[in-house]
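Residue numbers (full-length UniProt numbering): 1 to 105. For each residue, glycine too, the CB sits at the ideal point set by N, CA and C. None of these values were measured; they are calculated from a predicted model. These notes are about the structure you will find just below.
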Amino acid sequence: MLAEFAAYKRVKDELQAEGIWLGGQALHPGTMTTQVRVRDDDALVVDGPLAETAEQVAGYYLVDCRDLDEAIAVAARIPGARTGTVEIRPVFDYEQVLTDHESRR
């Protein structure tokens, strides 16, 4: 397991050196998940993952890629891609969304 963590850290260090690393962490297993839903101002708290599934999110890397091609190249370097799947999702900046909305008014 230490070798696996070292492999992930190596990729992180490379991405930091390239100036595209923004953040990321390994996550505890889904069995340690707590869900919170607010309905009618009441918080409903449930222990456990959202769905029972063999697949789970084991961690995340937040990187600043120029485009999807660069994101794919980065994802292919992540050790988990060799035995599982690395999902790529774009993020958006809430502040930019609000600024864009205000500028259209």
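For GLY24 against ALA58, the beta-carbon gap comes to about 11 Å, at or over 8 Å, which does not count as contact.
Residue ranges of uninterrupted alpha helix (DSSP H) with 4 or more members, entirely inside the stretch 18 to 83 and ordered along the chain, are 68 to 77. Annotated as distal: VAL86 and LEU22, with beta-carbon spacing of 8 Å or more. One Cα belongs to GLY19, the other to ASP13, and the distance between them is close to 10 Å.
For the options THR83, ASP42, VAL74 and GLU55, the alpha carbon positioned closest to that of GLN16 is the one of VAL74.
Burial of TYR61 is indicated by the presence of at least 16 other C-beta atoms within 10 angstroms of its C-beta. The C-alpha of THR31 lies about 46 Å from the C-alpha of ARG105.
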